[in-house]
Amino acid sequence: MFLEYGVFYLKMENEDKIKKKELRLGVLRGILAENYAKYKMQEEGYEMTKLTGRTKEGQFFRDFYVVKLIKGYEKDINGFIKFLRDNLYGLPDYIFVKDNKIGFIEVKSNNAKLKQTQFKTFQILKEKGYEIIIMNFKVELGIKEEPYTRYDEYE
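Our numbering puts the first residue of the sequence shown at 82, with every later residue one more than the last.
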């Protein structure tokens, strides 16, 4: 009986490792897609910045960069910033200015879907007259682990 539980435990442990690896690869896909989108849109003349950042403590709003970008384009900057702060977890990835208009860009990789909070926030932004662009990129990424080598043994 113990052996059966031991085999089951090892199998679960291996499945958890696979899930963690896939999660890490998913995060990397997202980072690559966002950076690719940023450079692509900047080449097309979009001025843009990320709306949020992330630390160990959680997500935060990037006030300084957003205000710097939209100054002169948004009449009620304080009200606009308050709305964005109040909807922090539903915000698109980027805010942009092009042709004297403010808009937003959400980047998804590998056909990821919008979250419910994003649907709600995007609908409000659309009703306020802002353009919202959703970009989706297929990012193929694989990592094959090789055995570790000690420096003394490295050729």
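Where is the CB? At the ideal position from N, CA and C, for every residue including glycine.
Within the same chain, and ignoring the five residues on either side of GLY111 in sequence, the residues whose Cβ sits closer than 6 Å to its Cβ are SER190. Here ILE186 is near TYR175, since their CB atoms are less than 8 Å apart. Fewer than three pairs of CB atoms, one per stretch, sit closer than 8 Å, so the region 213-232 makes no contact with the region 144-155. TYR146: not part of any beta strand (DSSP E); member of the alpha helix (DSSP H) spanning 144-151, first to last residue. Per DSSP, THR230 lies in no beta strand (DSSP E) segment and is marked neither H nor E. In the DSSP assignment, LYS131 falls within the beta strand (DSSP E) that extends over 128-131. For the pair THR133 and ARG166, the Cα-to-Cα distance works out to about 10 Å. PHE164 places its beta carbon 8 Å or farther from that of TYR127. Check the Cα spacing between ILE183 and each of GLY210, ASP233, LEU104 and THR230: the tightest is with GLY210. Here GLN199 is buried, its C-beta having at least 16 other C-beta atoms within 10 Å.
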